[in-house]
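Scroll down for the structure; my scribbles are underneath it.
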Amino acid sequence: EPHLTALREVMGVMQHHDAVTGTEKQHVAEDYARRLTIAIRACSVTTKDVLNQLINPDSKDELHSVSKRNPKFHPHGAYKAKNYTFNYKSCNYLNISQCDISETSSQFVVTLYNPLAHSGYQYVRLPILGEKYIVKDYKGVEVVSQIVPIAESILNLPFRQSNTTHELVFLANELPPLGYKSFFITKLMESFDDFFGAEAREPSVIQLDEPVYYE
Amino acid sequence: NDEFTIGNKYLNISFSKNGMLSTITANGVSSYLRQTFAYYEGAFGDNSEFIKRASGAYIFRPNGTEKFFGENVEIKIIKGGLVEEVHQKFNEWISQIVRVYSEENHVEFEWLVGPIPIEDKVGKEIVTRFYSGIQSEGVFFTDSNGREIIKRVRNHRDTWTLNLAEKIAGNYYPVTSKIAIEDDNIRMTVLNDRAQGGTSLQDGVIELMIHRRLLHDDAFGVAEALNEEAYGKGLVARGHHYLVFGAQKTSNPSLKARERFLEVQKLLPNWIFLSDASVLKFEEWQ
Numbered sequence: 002e003p004h005l006t007a008l009r010e011v012m013g014v015m016q017h018h019d020a021v022t023g024t025e026k027q028h029v030a031e032d033y034a035r036r037l038t039i040a041i042r043a044c045s046v047t048t049k050d051v052l053n054q055l056i057n058p059d060s061k062d063e064l065h066s067v068s069k070r071n072p073k074f075h076p077h078g079a080y081k082a083k084n085y086t087f088n089y090k091s092c093n094y095l096n097i098s099q100c101d102i103s104e105t106s107s108q109f110v111v112t113l114y115n116p117l118a119h120s121g122y123q124y125v126r127l128p129i130l131g132e133k134y135i136v137k138d139y140k141g142v143e144v145v146s147q148i149v150p151i152a153e154s155i156l157n158l159p160f161r162q163s164n165t166t167h168e169l170v171f172l173a174n175e176l177p178p179l180g181y182k183s184f185f186i187t188k189l190m191e192s193f194d195d196f197f198g199a200e201a202r203e204p205s206v207i208q209l210d211e212p213v214y215y216e
Numbered sequence: 589n590d591e592f593t594i595g596n597k598y599l600n601i602s603f604s605k606n607g608m609l610s611t612i613t614a615n616g617v618s619s620y621l622r623q624t625f626a627y628y629e630g631a632f633g634d635n636s637e638f639i640k641r642a643s644g645a646y647i648f649r650p651n652g653t654e655k656f657f658g659e660n661v662e663i664k665i666i667k668g669g670l671v672e673e674v675h676q677k678f679n680e681w682i683s684q685i686v687r688v689y690s691e692e693n694h695v696e697f698e699w700l701v702g703p704i705p706i707e708d709k710v711g712k713e714i715v716t717r718f719y720s721g722i723q724s725e726g727v728f729f730t731d732s733n734g735r736e737i738i739k740r741v742r743n744h745r746d747t748w749t750l751n752l753a754e755k756i757a758g759n760y761y762p763v764t765s766k767i768a769i770e771d772d773n774i775r776m777t778v779l780n781d782r783a784q785g786g787t788s789l790q791d792g793v794i795e796l797m798i799h800r801r802l803l804h805d806d807a808f809g810v811a812e813a814l815n816e817e818a819y820g821k822g823l824v825a826r827g828h829h830y831l832v833f834g835a836q837k838t839s840n841p842s843l844k845a846r847e848r849f850l851e852v853q854k855l856l857p858n859w860i861f862l863s864d865a866s867v868l869k870f871e872e873w874q
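Here is the structure:
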């Protein structure tokens, strides 16, 4: 509730006619942006909790305690869904084709929440660094995807901090009304460097202070 | 050096040799369609009297000078199974992607404008324009905060005889979700992703203002020029326009119904979240 109220209060401030029309002084505009950013960030905590609750209804009662725990795995590697919470992040720089998770993760999940009262769809565009990706829906069905180059003018934006030159595009369809749908995306490794990292080529000496277990 | 076309099963758009949009075939009609960018130079005055008012945060007041960008556009064409797009570069600070997704019945324009240069000490207000052959006879339609659609008539007010001193600004209206023109046969609508000023200054033409950078205060209260900067340079703006085009009498759903669906979809978009799943197998996640 306090997280939601933070955004409610800022939206109240934003009803001022200068905020609506953009006739505020520049330092006020910057302060509005600052307040909104903080409030939206606060609300993301609630969003993450609610999505975890939707995904795992059994954990509703212990939601807060669960969300603070680290992901836990069964000793034999089996996944214990009940104790696992996803960390849902928003990529605020998608409008300049920049997103840490899609650029750096070899596997990631994209979740779309449809706020409309009827089913929907969307062409999802995510900046990526790899050359081949597999997109699967929750049933394990592969979703057709396409990799397209990012426009040169975007790549040349002086404040853009990203090495990506391409975007992954796929159609997220049949998004349920007031519900969510997730897609599992895997980057296909093609070369030794992709798989192990370029530094793995360099011979290194490992000091074994403790026994190392390999999985 | 050749004309080329992108599209899908619903619509096709063609580009001429110079890289500019030239025709559209969609929803039962084929028509001339051109799109380009232009800018107005902002009026400059000392604000001592009304006719010396500068263009600023509160008012749009061009000085009568209108400039177009070069007719030769640098382009790159991308074709694939899901999306076909044309990357257009108009100059060093204006570019655009024209895009048609395989399952969409509209054309998407993703524009990028800025930093607007001001080395010449002249403020500029950038507009995008869509030219069609529609016989709109001075009538165009704008929304009112997404509620009803209001009929606008160029150089006209319903309740008094109008003599416009400012022919351009006087015909500008707020557009918070869409602007449309039509005749008996064809309708063209442009949906926007944010509130903008818009008009139809000539029959068959839709215009929306997308970015502005001005160097003088207009003396209505803010006491600052509308000259925003980030990282020491003028702001860069990026946004979308969605063009719905077709015959007035189309199959079910009607063109206007399609516009409404698209409007809701774009103004109340899905929320996208990303989660790192490096430690999971698909089956575990499933």
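Going down the list, the protein sequences come from chains H and B. Residues in the first sequence are numbered from 2 upward in steps of one, following the working numbering. Residues in the second sequence are numbered from 589 upward in steps of one, following the working numbering. For glycine and all other residues, C-beta sits at the position ideal for the given N, C-alpha and C.
Taking the beta strand (DSSP E) that residue i belongs to, which residues open and close that run?
| i | result |
| --- | --- |
| H/Val142 | Counting along the chain, H/Val142 falls outside any beta strand (DSSP E), and DSSP gives it neither H nor E. |
| H/Thr38 | Run containing H/Thr38: none in the beta strand (DSSP E); it sits in the alpha helix (DSSP H), 27 to 56. |
| H/Leu169 | 167 to 176 |
| H/Pro116 | No beta strand (DSSP E) contains H/Pro116, which DSSP labels as neither H nor E. |
| H/Arg161 | Careful: H/Arg161 lies outside any beta strand (DSSP E) and carries neither H nor E. |
| H/Leu156 | Per DSSP, H/Leu156 belongs to no beta strand (DSSP E); it is in the alpha helix (DSSP H), 153 to 156. |
| B/Thr653 | 650 to 656 |
| B/His828 | 825 to 835 |
| B/Tyr602 | First, the residue type needs correcting, since residue 602 of chain B is Ser and not Tyr in the sequence shown. From DSSP, the beta strand (DSSP E) with B/Ser602 extends over 599 to 603. |
| B/Val701 | 695 to 701 |
| H/Phe184 | 180 to 188 |
| B/Glu662 | 662 to 666 |
| H/Lys137 | 134 to 137 |
| B/Thr593 | 592 to 595 |
Ends of the alpha helix (DSSP H) at residue i?
| i | result |
| --- | --- |
| B/Leu843 | 843 to 855 |
| H/Ala20 | 18 to 22 |
| B/Glu872 | 870 to 873 |
| H/Thr105 | 101 to 105 |
Find out if the Cβ-Cβ distance for the pair residue i, residue j is shorter than 8 Å.
| i | j | result |
| --- | --- | --- |
| B/Lys766 | B/Glu696 | no |
| B/Leu843 | B/Asn615 | yes |
| H/Ile129 | H/Glu153 | no |
| B/Ala626 | B/Glu659 | no |
| B/Gly822 | B/Ile706 | yes |
| H/Phe171 | H/Val144 | yes |
| B/Gly827 | B/Ile794 | no |
| H/Leu158 | H/Thr166 | no |
| B/Ile663 | B/Val671 | no |
| H/Leu127 | H/Glu168 | yes |
| H/Phe185 | B/Phe657 | no |
| B/Asp864 | H/Ser183 | no |
| B/Thr716 | B/Pro762 | no |
| H/Leu189 | H/Gly131 | yes |
| B/Leu779 | B/His829 | yes |
| H/Tyr99 | H/Ser146 | The sequence shown places Gln at residue 99 of chain H, rather than the Tyr named in the question. Their beta carbons are not under 8 Å apart, which means H/Gln99 does not touch H/Ser146 by this criterion. |
| B/Leu855 | B/His694 | no |
Quick one: what does DSSP say residue i is sitting in, helix, strand or coil?
| i | result |
| --- | --- |
| B/Trp859 | strand |
| H/His4 | helix |
| H/Phe74 | The predicted model places H/Phe74 with a pLDDT of 36, which falls under 50 and marks its position as unreliable; any figure quoted below should be read in that light. If DSSP states are grouped into helix, strand and coil, H/Phe74 belongs with the strands. |
| B/Arg641 | coil |
| H/Asn96 | helix |
| H/Val11 | helix |
| B/Thr611 | strand |
| B/Phe625 | strand |
| B/Lys821 | strand |
| H/Pro150 | strand |
| B/Val810 | coil |
| B/Ser636 | coil |
| H/Pro128 | strand |
| B/Gly616 | coil |
| H/Phe87 | coil |
| B/Asp805 | coil |
| B/Leu737 | Looking at the sequence itself, residue 737 of chain B is Ile, so the reference to Leu does not match. B/Ile737 falls in the strand class under three-state DSSP. |
| H/Val110 | strand |
* To do: Just list the beta strand (DSSP E) runs in the segment 668 to 693 of chain B, keeping only unbroken ones of 3 residues or longer that don't cross its boundaries, in chain order.
  => Runs of the beta strand (DSSP E) inside the segment 668 to 693 of chain B: 671 to 679, 682 to 689.
* **Segments assigned beta strand (DSSP E), at least 3 residues, entirely inside the segment 740 to 798 of chain B** => As summarised for the segment 740 to 798 of chain B, the continuous beta strand (DSSP E) elements at least 3 residues long and confined to that stretch are 761 to 763, 766 to 770, 774 to 780, 784 to 787, given in chain order.
* Starting from the N-terminal side, write out each stretch of the beta strand (DSSP E) that is 3 residues or longer and does not extend beyond the segment 711 to 735 of chain B. => 712 to 720, 727 to 731
* Asked: Are three or more beta carbon pairs between the segment 742 to 760 of chain B and the segment 813 to 822 of chain B nearer than 8 Å?
  -> no
* Three CB pairs or more closer than 8 Å across the segment 697 to 704 of chain B and the segment 179 to 186 of chain H -> no
* When the Cβ atoms of the segment 783 to 792 of chain B are set against those of the segment 805 to 812 of chain B, are three or more pairs found closer than 8 Å? -> These segments do not touch.
* Taking only beta carbons into account, state which residues of the segment 831 to 858 of chain B come closer than 7 Å to chain D, listed in chain order. => Annotation note: the requested chain D is absent from the structure, which comprises protein chains H and B.
* To do: Assess, as a yes-or-no matter, whether the segment 606 to 614 of chain B is touched by the segment 638 to 650 of chain B under the definition of 3 or more beta carbon pairs within less than 8 Å.
  => no
* To do: Would you be able to state if there are at least three C-beta pairs under 8 Å between the segment 44 to 60 of chain H and the segment 9 to 25 of chain H?
  => Taking 8 Å as the limit for Cβ pairs, the verdict is that the segment 44 to 60 of chain H does not touch the segment 9 to 25 of chain H.
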